[in-house]
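Notes to accompany the following structure.
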């Protein structure tokens, strides 16, 4: 298949190569009517811009790097869709790297994207990442970086995420208001900001209700379905079956559900609250109560903050926590 060039489009329309280039970049020298004709012809011919060449002739590559710990996850899939849509609306391409919760692979993605001359990076770190120096190196190279969902707070970077502590508190309070007091917590790693804050929110709700926390009811694991399975199995072995559980993520809740099934436990015997939700939640035998994260808004705000740093040179770091609702 032939690689369509600017000259091919120019030949079709009887314009110069320079005019075609300007039209595709919405340069004011080119009329709106001509820009539309050029873009229509470019689409018809299947033209794809050479991002590397463009970055060598411009101060900007018009690309954003996106690094996430996983993709087969309702939360990240939803945020990624929002990021892609918002970036495209602002004329940016998105290059994605999935770290698979491997901090070394995360480091490799960072190095690759720096070599590709991306204008900025949106990053959600792995559950094992503790080294902020790799991100400081990115910043030192003049590449803007914004964390979302998982990141480093108060380290000179902007960080956007859900209101983890408050939302967890409100979710557990909802369980308590429904009459549940024996509430287990399948927690994330305390070394990860979101895991730590969701556990604190859980403890806040118990304390307010006068319920003494039971260490045997708190099982720390990770954020995946497999982690949820292992944590719930440990809970059953060490404590027994609680009346309710608060899972740090929706996949952790699914892992607990799988463990219940394998142990012939009717899921209606245990009320499950999860941080996060999924479109298929309503099809479960006993649907989870879900803390509904604002995934779409998070993606939009993350992109807009990054673009403010790239285009407006606004490098004032902000930490913004977005409120979540509860769906039953």
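In full-length UniProt numbering, the protein residues as written are 1 to 328.
Positions of the beta carbon are idealized from the N, C-alpha and C atoms, including for glycine.
Here the structure is a predicted model, which means the values were calculated and not measured.
Residue 7 burial status per 10 Å Cβ neighbour count (16 or more: buried): Its Cβ having fewer than 16 others within 10 Å, residue 7 is exposed.
Beta-carbon contacts of residue 185 that lie in its chain and below 6 Å, excluding the five residues immediately before and after: Taken in chain order, the residues that qualify are 202, 218 and 246.
Whole-Å CB distance - residue 252 paired with residue 227, under 8 Å assumed: Yes, residue 252 and residue 227 are in contact; Cβ-Cβ is about 6 Å, under 8 Å.
Counted within 10 angstroms of its Cβ, other Cβ atoms place residue 171 as buried (16 or more) or exposed: By the neighbour-count rule (16 or more Cβ atoms within 10 Å), residue 171 is buried.
The region 99-110 contacting the region 123-140, beta-carbon criterion three pairs below 8 Å: Three or more Cβ pairs drawn from the region 99-110 and the region 123-140 lie within less than 8 Å of each other, which places the two stretches in contact.
Residue 320 (DSSP reduced to helix, strand or coil): Note: residue 320 maps to strand in three-state DSSP.
The region 270-286 touching the region 152-172, judged by at least three CB pairs closer than 8 Å: Under the 8 Å Cβ criterion, the region 270-286 counts as touching the region 152-172, having at least three qualifying pairs.
Pair within 8 Å by beta-carbon distance, residue 61 and residue 118: Yes, they are a contact pair.
Burial state of residue 123, where buried means 16 or more other Cβ atoms lie within 10 Å: Under the 10 Å beta carbon count, residue 123 is surrounded by 16 or more other beta carbons and is classified as buried.
Residues near residue 301 by beta carbon distance below 6 Å, same chain, minus five either side: The residues are 160.
Secondary structure, beta strand (DSSP E): runs of 3+ residues fully inside the region 89-165: Those beta strand (DSSP E) runs which fall completely within the region 89-165 and span 3+ residues are 93-98, 120-123, 144-148 and 158-162.
Closest residue to residue 287 among 28, 272 and 135 (Cα-Cα distance): Nearest of 28, 272 and 135 to residue 287, Cα basis: 272.
Under 8 Å between C-beta atoms of residue 67 and residue 299: Taking 8 Å as the Cβ cut-off, residue 67 and residue 299 do not qualify as a contacting pair.
Cβ contact (3+ pairs, closer than 8 Å) linking the region 70-89 and the region 30-42: Result no; under three Cβ-Cβ pairs closer than 8 Å.
Whole-angstrom distance between residue 323 and residue 56, CA atom to CA atom: With a pLDDT of only 48 at residue 56, under the threshold of 50, the placement of this residue in the model should not be trusted; the figure read from the coordinates follows. Between residue 56 and residue 323, the C-alpha separation is close to 41 Å.
Secondary structure, beta strand (DSSP E): runs of 3+ residues fully inside the region 225-279: The region 225-279 is shown to contain whole beta strand (DSSP E) runs of 3 or more residues at 244-247 and 271-275, in chain order.
Candidates 212, 303 and 235: closest to residue 221 by CA position: The shortest Cα separation from residue 221 among 212, 303 and 235 belongs to 235.
Residue 191: first and last residue of the uninterrupted alpha helix (DSSP H) it sits in: It is not in any alpha helix (DSSP H) - residue 191 carries neither H nor E in the DSSP assignment.
Close Cβ partners of residue 153 (< 8 Å) along its chain, the five nearest in sequence each way excluded: If we look at residue 153 and ignore the five residues flanking it on each side, its Cβ neighbours are 159, 193 and 319.
Cα-Cα separation, residue 285 to residue 267: About 7 Å.
Simplified DSSP state of residue 208, which is helix, strand or coil: Taken through DSSP and simplified to helix, strand or coil, residue 208 comes out as helix.
Residue 330 and residue 306 closer than 8 Å at C-beta: This structure gives no information on residue 330, because the portion of the chain shown stretches from 1 to 328.
Backbone secondary structure at residue 87 - three-state DSSP: Here residue 87 sits in helix by DSSP.
Bounding residues of the beta strand (DSSP E) (the contiguous stretch that carries residue 295): Unbroken run through residue 295 is the alpha helix (DSSP H), 295-311; no beta strand (DSSP E).
As assigned by DSSP and simplified to three states, the class of residue 184: Strand, per DSSP.
Helix, strand or coil at residue 34 according to DSSP, with G and I counted as helix: Three-state result, residue 34: helix.
Identity of the residue in 167, 3 and 224 nearest residue 46 by Cα: The option with the nearest alpha carbon to residue 46 is 3.
Sequence-distant residues of its chain with Cβ nearer than 6 Å to residue 105 (five each side left out): Cβ neighbours of residue 105 beyond the five flanking positions: 99.
Environment of residue 149 [buried if 16+ CB atoms lie within 10 Å]: Buried, because 16 or more other Cβ atoms sit within 10 Å of the Cβ of residue 149.
Residue 78 in three-state terms, based on DSSP: In the structure shown, residue 78 falls within a helical segment according to DSSP collapsed to helix, strand and coil.
Beta-carbon spacing of residue 187, residue 195 below 8 Å: Contact flag set, yes.
Integer-rounded CB distance, given that residue 95 should sit under 8 Å from residue 63: Sure, about 6 Å apart at Cβ, within 8 Å.
Status (buried if at least 16 other CB within 10 Å, exposed otherwise) for residue 255: If you draw a 10 Å sphere on the C-beta of residue 255, you find 16 or more other C-beta atoms in it, and that means buried.
Reference residue 291; option with closest CA among 281, 326 and 146: Comparing Cα positions, the closest option is 326.
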